[in-house]
Amino acid sequence: MEPEKDAELCAKHPMLYAQRSRGMRDTCMCWGFEIGDGWVRIIERLSDRLERINQKLPKDEARIEAVQVKEKFGGLRFYTSRCHDEADRFIAEAERQSLKTCEVCGRPGRQNSNGWITTLCTKCRRARDKKRI
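Counting in my numbering, the sequence shown runs from 48 upward without gaps.
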């Protein structure tokens, strides 16, 4: 993800991304958002939803904090510091959406079934394959 978008997400969702500036001994968020720009809209929508949940939580209740955001097996993985039923549903929805969205450009995509698993549209898959030749 572009550094500018990383900074924008963290500034807009300070409770959710409170761990972004911590060190590697404390959190995997120190590495940033390990995803392609094609999933930014998915992350933005999810972040908005989770930040609203945080804003509604009682002051004495622990907030939902992202501890790692990455791609794995061609899909989004969004790990948090605590469980929350509504948040878990939103996260599952975003992870499902990533499996049909090109990680590079955001157009409709699909997972490949051989080699390194990625979710790409036909155009981005062809471009990637040309680079490998």
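Where a beta carbon is used, it is the ideal one built from N, C-alpha and C, also for glycine.
Point to revise | Distance between R96 and E108 (C-alpha atoms, nearest Å) | key: 18 Å
**Study point:** Sequence-distant residues of its chain with Cβ nearer than 8 Å to K147 (five each side left out)
**Key:** P155, G156, R157, T166
Check your understanding: Considering only C-alpha positions, which residue in the set S94, G153, A113 is nearest to K170?
Key -> G153
Review point. Among G85, L93, K178, C149, which residue has its Cα nearest to the Cα of T127?
Key: L93
Check your understanding: Hey, how far is the Cα of G87 from the Cα of M48?
Key -> First, the amino acid is wrong: residue 87 is Val here, not Gly. If you take the alpha carbons of V87 and M48, they lie about 8 Å apart.
Check your understanding: Helix, strand or coil: how does DSSP classify P105 here?
Key -> coil
Check your understanding: Counting along the chain, where does the beta strand (DSSP E) carrying L123 start and finish?
Key -> 122–127
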